[in-house]
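Protein chains in written order, with my numbering: chain A, 61 to 179; chain B, 61 to 179.
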C-alpha cells in the first residue's frame, strides 16, 4: 500500500498509444496512456472502458457523434460500441477497465499491445 | 455516452463523507466524495478500493502506518485492510470500487450511507 503519483508515472514514458499499468483492483486495471494522432476504429465486446483526461484534450469519435474531452473530463464507453480516439496534440489519459481489455479490441492493427508493462 | 466533468460534479454537493455516484462500468462505481475530519475505522471484506485526490490533501491511516495523499496521488486499499481517512482541511476525492461497496465497510456507524445518490 503505497501512493501512486500520476504526474511522476506520466514522466516515465513518452510513447503514444501504449498503455502502462499503474494499479490493479477487483480484476480491473488502472492504466496511463498518451495519445497523439488517430487511433484505429474498434470495440470491446466484453468490457466497458473509462477515459479520464489528466492533461490536454482529445476527441472520441463514435459512428454517429463525436465527444470532445478536456482536462478533468471523463467518458465511459460501453462494451460493443465502436469508437476511435483522436488527438491533434498529445494528451495524457487515465484508463480504468477490466484487466482483460485489449487496447485495439476487435480490430486487427499494428497498434495492438498484447502485453502491457507496469510502471 | 456523454462526458462527465468532475469539477462541475463536485460543485453540486457540499456534504462530507457522503459519496455520490457519477459513473458505472463493469459492475464498478465511480464516485466523488468530500472528506473533512476523521472517518471511522473500517475494512471492506470483499472489495478493493481506489482513492484518487482531485483537490486538497488527506491522510489514510492504517493500523501500522499512515500514507499522506496530495492532489494527483492515488492509493489502492486492498480488501480486508483496516483503514481510516482523515482530512484536516476539506479534500475532494474520486473513488473507484465495486458497486456493492458500503462506505463504512464492516463498521457500525452513523456515517453509513446505505443508498447513494447519482449526481
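Even for Gly, the Cβ is constructed at its ideal location relative to N, Cα and C.
* Asked: Short check: CB of residue 99 of chain A to CB of residue 171 of chain A, under 8 angstroms?
  -> A contact, by the Cβ cut-off of 8 angstroms.
* To do: Could you tell me if residue 87 of chain A is buried or exposed, where buried requires 16 or more neighbouring beta carbons within 10 angstroms of its beta carbon?
  => Exposed, by the Cβ-count rule.
* In the stretch 120-139 of chain B, which residues sit with their C-beta less than 9 angstroms from some C-beta in chain E, listed in chain order? -> No chain E is part of this structure, whose protein chains are labelled A and B.
* **Simplified DSSP state of residue 131 of chain A, which is helix, strand or coil** => Coil, per DSSP.
* Asked: How is residue 70 of chain A classed by DSSP in three states: helix, strand or coil?
  -> The answer is helix: DSSP assigns residue 70 of chain A an H, G or I state.
* When Cβ atoms are compared, which residues of the stretch 77-106 of chain B fall closer than 8 angstroms to chain A? -> Answer set for the stretch 77-106 of chain B: 82, 83, 84, 85, 86, 88, 90.
* If we cut at 8 angstroms on Cβ distances, does residue 73 of chain A have a partner in chain B? -> Judged by the 8 angstroms Cβ criterion, residue 73 of chain A is not in contact with chain B.
* To do: Spell out whether any CB of chain A is found under 8 angstroms from the CB atom of residue 65 of chain B.
  => Yes, residue 65 of chain B counts as interfacial toward chain A.
* Beta-carbon gap between residue 110 of chain B and residue 92 of chain B smaller than 8 angstroms -> With contacts defined as CB atoms closer than 8 angstroms, residue 110 of chain B and residue 92 of chain B fail to qualify as a contacting pair.
* Around the C-beta of residue 71 of chain A, are 16 or more other C-beta atoms found within 10 angstroms, so that it is buried, or is it exposed? -> With fewer than 16 Cβ atoms within 10 Å of its Cβ, residue 71 of chain A is classed as exposed.
* In three-state terms, what does DSSP make of residue 178 of chain A? -> Correct three-state label for residue 178 of chain A: strand.
* Asked: List, in order along the chain, the chain B residues whose C-beta lies closer than 7 angstroms to that of residue 108 of chain A?
  -> Within chain B, 85, 86 have C-beta atoms less than 7 angstroms from the C-beta of residue 108 of chain A, given in sequence order.
* Pull up the DSSP beta-bridge partners for residue 173 of chain B, would you. => Under DSSP, no beta-bridge partner is assigned to residue 173 of chain B.
* **Selected residue, minimal CA-CA separation from residue 85 of chain A, among B:135, B:173, B:80** => The residue with the shortest Cα to Cα distance from residue 85 of chain A is B:135.
* **Three-state secondary structure assigned by DSSP to residue 96 of chain B** => Secondary structure at residue 96 of chain B: strand, using DSSP grouped into helix, strand and coil.
* Residues near residue 144 of chain B in its chain [Cβ-Cβ closer than 6 angstroms; skip 5 each side] -> Same-chain partners within the cutoff: 99, 101, 121.
* Asked: Roughly how far, in whole angstroms, is the beta-carbon of residue 139 of chain A from the beta-carbon of residue 104 of chain A, given that I think they are within contact range, below 8 angstroms?
  -> With a Cβ gap of about 6 angstroms, residue 139 of chain A and residue 104 of chain A count as contacting.
* **Burial state of residue 154 of chain A, where buried means 16 or more other Cβ atoms lie within 10 Å** => Under this definition residue 154 of chain A is a buried residue.
* To do: Using a Cβ-Cβ cut-off of 8 angstroms, state whether residue 27 of chain B counts as contacting chain A.
  => Since the first and last residues shown for chain B are 61 and 179, residue 27 of chain B lies out of range.
* **C-beta neighbour in chain A for residue 118 of chain B, strict 8 angstroms** => Cβ-Cβ to chain A under 8 angstroms: no for residue 118 of chain B.
* Check whether the Cβ of residue 77 of chain B sits closer than 7 angstroms to any heavy atom of the ligand ADP, and report yes or no. => Ligands displayed in this structure: none; no statement on the ligand ADP is therefore possible.
* Asked: If you run the structure through DSSP and keep just helix, strand and coil, what is residue 142 of chain B?
  -> If DSSP states are grouped into helix, strand and coil, residue 142 of chain B belongs with coil.
* **Which listed residue (A:125, A:108, A:82) has its alpha carbon closest to that of residue 178 of chain A** => Ranking A:125, A:108, A:82 by CA distance to the CA of residue 178 of chain A puts A:82 first.
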